[in-house]
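Number of protein chains: 2
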Amino acid sequence: MSDKRQHIIKISAALMHSKGYENTKLSDILQAAEIGKGNFYHYFESKQELGLAVLDYIFSYWKYALLENILSADKDPEVKFNEMLAWVVNQQKRNQSKCGCVFGNLAVEMSEHDETFRRKVESVFDQWTDKLARVFAEMIGPAAGNDQQIFKFAQSIVAMLEGGILLMKSKQDIAVLENVIELARTSVRHFIQQYKQ
Amino acid sequence: MSDKRQHIIKISAALMHSKGYENTKLSDILQAAEIGKGNFYHYFESKQELGLAVLDYIFSYWKYALLENILSADKDPEVKFNEMLAWVVNQQKRNQSKCGCVFGNLAVEMSEHDETFRRKVESVFDQWTDKLARVFAEMIGPAAGNDQQIFKFAQSIVAMLEGGILLMKSKQDIAVLENVIELARTSVRHFIQQYKQ
DNA sequence: AATATTGTACCAACCGGTCGGGAAAGAGAG
DNA sequence: CTCTCTTTCCCGACCGGTTGGTACAATATT
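Structure representation (structure tokens):
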């Protein structure tokens, strides 16, 4: 059964979220998962394969919860946007404002030196941006043209959130993220307003 | 003469900017600086001491260039703000959108697990935010009250920039940062406008 | 019997850090 | 200027411990 493989991935996901990829040592994983080395290398070819699998695993959970359940729902786009913000804050509260965003962390750690990781993280951000842009387009209404401009705006909102999480982590204070989110809300209001005319 | 110590710090700063603290190994430093191990440990007690010294060194350069030369100049606040944005973009262009921001990188890597590093990075962001808040206060004019609200806004702008840099790094495309900066400009315009009434 | 799993001894390479001794550079005396 | 003595500077062998990864035998499962 590949239960075991999944178990190893889950355990590693938590470790890598907190310590990053390189600083999560194989020994940490083996200890936390309570398995031997031979067991690990039966399911994975290398640490890198595990890392990528972890990224996929987190993304799938994340895609389900945020991109599908929240952002793709059949609701008022303002509601969806607010639910997204609340969800992001909640995720950070859950780990006491300490770990930050897994994708942001990995982007910082890996994207310069490992192209495979970089591309995976890039695609996460792109999918997030896409879905968010669609929500903004719903806000604007059926007359929404210029996809490119909406995409750019959505990308900047994603950047705001990632930056808010980063700063929050460095101050270990959730209020920082909440402030940034307040500004994001205002920005969206202005963007939609200006776009509608 | 402590020329040598300074030389080691400079070399290490470049390495740590690109690879982070933990993944910059002592051997990398020794090789890049062309010194022996004994030489290193004559000037530094440990790798951690070097790391902190590197942070101080980068911050001092950074403080001089951005906080003093640009943000504290006796100029129109709009000009200073624009110069800051241009400076940030320029810094990123210089390393081909690959390294990101040293302080952002170290915030992500270290702040959860090393309180000393965390506090140093936190103080960098705080000083930046303070100076920026003062520039915004200048924009508003002599009637600017509620320092707290301006500080919060400035912090959110800093977060936007850090987030823009992070996303830029993951896509290795400076255009991302430029979009975010465009939104930052708009946000400031709105903030000042709303504040003045 | 064959295949999927697992424990563990082992590996070379590498980690940050220590250590003893040698080179160099002053300092003071004559 | 030269002879020492002392201090600063520097090298690289070496240390114990850890790294990601391998080999292989033993055990479960089918």
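Going line by line, the protein sequences match chains A and B. Numbering-wise (this note's numbering), the first sequence opens with residue 804 and increments by one. Numbering-wise (this note's numbering), the second sequence opens with residue 804 and increments by one. Cβ coordinates follow ideal geometry from the N, Cα and C atoms, glycine included. All values derive from a computational prediction rather than experimental measurement.
Do we get a CB-CB distance below 8 Å when we pair Met-963 of chain A with the residues of chain B? At least one chain B Cβ lies under 8 Å of Met-963 of chain A.
According to DSSP, is Pro-880 of chain B part of a helix, a strand, or is it coil? helix
Determine, using beta-carbon pairs with one atom in the stretch 893–908 of chain B and one in the stretch 841–856 of chain B, whether at least three such pairs fall under 8 Å. Contact between the stretch 893–908 of chain B and the stretch 841–856 of chain B is absent, with fewer than three C-beta pairs closer than 8 Å.
Determine, using beta carbons only, whether Asn-872 of chain B comes closer than 8 Å to chain A. no
Using a threshold of 8 Å, state whether the C-beta atoms of Gly-796 of chain B and Gly-948 of chain A are closer than that. Residue 796 of chain B lies beyond the residue range present for chain B, which begins at 804 and ends at 1000; the question has no answer from this structure.
Could you tell me which of B:Ser-821, B:Val-892 and B:Glu-918 sits nearest to Lys-901 of chain A, measuring between CA atoms? Considering only B:Ser-821, B:Val-892 and B:Glu-918, the residue with the shortest C-alpha distance to Lys-901 of chain A is B:Glu-918.
Jot down the residue ranges of each uninterrupted beta strand (DSSP E) in the stretch 894–956 of chain A, minimum 3 residues, whole runs only, in chain order. none
Within 10 Å of its beta-carbon, does Gly-944 of chain A have 16 or more other beta-carbons around it, so buried, or fewer, so exposed? That one is exposed.
Between Met-887 of chain B and Met-963 of chain A, is the Cβ-Cβ spacing less than 8 Å? no
Please state whether DSSP places Leu-874 of chain B in a helix, a strand or coil. coil
Supposed contact pair Leu-818 of chain B and Leu-858 of chain B - C-beta distance, whole angstroms, cut 8 Å: Contact flag wrong, Cβ pair sits at about 13 Å.
Contact list for Lys-901 of chain A against chain B, beta-carbon separation under 9 Å: Ser-914 and Glu-915
Pair every Cβ in the stretch 976–985 of chain B with every Cβ in the stretch 913–929 of chain B, then say whether three or more of these pairs are closer than 8 Å. no
Let me know the secondary structure DSSP gives Glu-837 of chain B once reduced to three states. coil
Own chain residues within Cβ distance below 7 Å of Arg-808 of chain A, not counting five before or after: When the five nearest sequence neighbours on each side are left out, the beta carbons in the same chain lying within less than 7 Å of the beta carbon of Arg-808 of chain A are those of Tyr-846, in order along the chain.
Could you list the residues in the stretch 941–973 of chain A with a C-beta less than 9 Å from some C-beta on chain B, going in chain order? Identification of residues in the stretch 941–973 of chain A having a C-beta nearer than 9 Å to some C-beta of chain B yields Lys-955, Phe-956, Gln-958, Ser-959, Ile-960, Val-961, Ala-962, Met-963, Leu-964, Glu-965, Gly-966, Gly-967, Ile-968, Leu-969, Leu-970, Met-971, Lys-972 and Ser-973, given in sequence order.
Check each candidate in B:Phe-884, B:Ser-875 and B:Asp-976 and name the one with the smallest Cα separation from Val-961 of chain B. Checked all of B:Phe-884, B:Ser-875 and B:Asp-976; the closest Cα to Val-961 of chain B is B:Phe-884.
Per-residue DSSP class, three states only, for Asn-826 of chain A: coil
In chain order, what residues of the same chain lie with their CB nearer than 7 Å to the CB of Ala-816 of chain B, ignoring the 5 residues before and after it? Val-857, Tyr-860 and Ile-861
Interface residues of the stretch 815–835 of chain B facing chain A [CB-CB below 9 Å]: Taking 9 Å as the Cβ-Cβ cut-off against chain A, the residues of the stretch 815–835 of chain B that qualify are Ser-821, Lys-822, Gly-823, Glu-825 and Asn-826.
Near-chain B residues of the stretch 862–896 of chain A (beta-carbon distance less than 7 Å), N- to C-terminal order: none
Have a look at Tyr-867 of chain B and Ile-873 of chain B and give me their C-alpha separation to the nearest angstrom. 9 Å
How many angstroms separate the CA atom of Glu-852 of chain B from the CA atom of Glu-915 of chain A? Distance between the alpha carbons of Glu-852 of chain B and Glu-915 of chain A: 26 Å.
Contact list for Leu-858 of chain A against chain B, beta-carbon separation under 9 Å: Per Cβ cutoff of 9 Å: no residues; Leu-858 of chain A is ~12 Å from chain B at best.
Residues of its chain near Ala-836 of chain A, where Cβ-Cβ distance is below 7 Å and the 5 sequence neighbours each way are ignored: Within the same chain, Ala-836 of chain A has close Cβ partners His-810, Ile-811 and Ile-814.
Taking the alpha-carbon positions, what's the Met-804 of chain A to Gly-839 of chain A distance? Residue placement at Met-804 of chain A cannot be trusted, given a pLDDT of 49 that sits under 50; what the coordinates show is reported in the next sentence. Roughly 17 Å separates the two Cα atoms.
List the residues of chain B whose Cβ lies closer than 9 Å to the Cβ of Leu-1004 of chain A, in chain order. Residue 1004 of chain A is absent from the structure shown; chain A starts at 804 and stops at 1000.
In angstroms with no decimal places, state the Cα-to-Cα distance between Arg-897 of chain A and Val-891 of chain A. When rounded, the distance between both Cα atoms is 10 Å.
May I ask you to list, following chain order, the residues of the stretch 920–934 of chain B that have a beta carbon less than 7 Å from some beta carbon of chain A? Arg-921, Val-924, Glu-925 and Phe-928
Please state if the CB of Met-971 of chain B and the CB of Gln-895 of chain B are separated by a distance shorter than 8 Å. yes
Contacts around Phe-956 of chain B, its chain only, beta-carbon distance under 7 Å, and the 5 residues preceding and following it disregarded: Phe-939 and Phe-994
Can you pull the chain B residues whose beta carbon is under 8 Å from the beta carbon of Val-979 of chain A, in chain order? Neighbours of Val-979 of chain A on chain B, chain order: Gln-958 and Ala-962.
Can you confirm whether Val-938 of chain A, when its beta carbon is compared against all beta carbons of chain B, has any partner nearer than 8 Å? no
How far does the alpha helix (DSSP H) with Met-847 of chain A in it extend, from its first residue to its last? As written in the sequence, residue 847 of chain A is Phe, which differs from the Met given in the question. Where Phe-847 of chain A is concerned, there is no enclosing alpha helix (DSSP H), given that its DSSP letter is neither H nor E.
Taking only beta-carbon atoms, is Gly-839 of chain A less than 8 Å away from chain B? no
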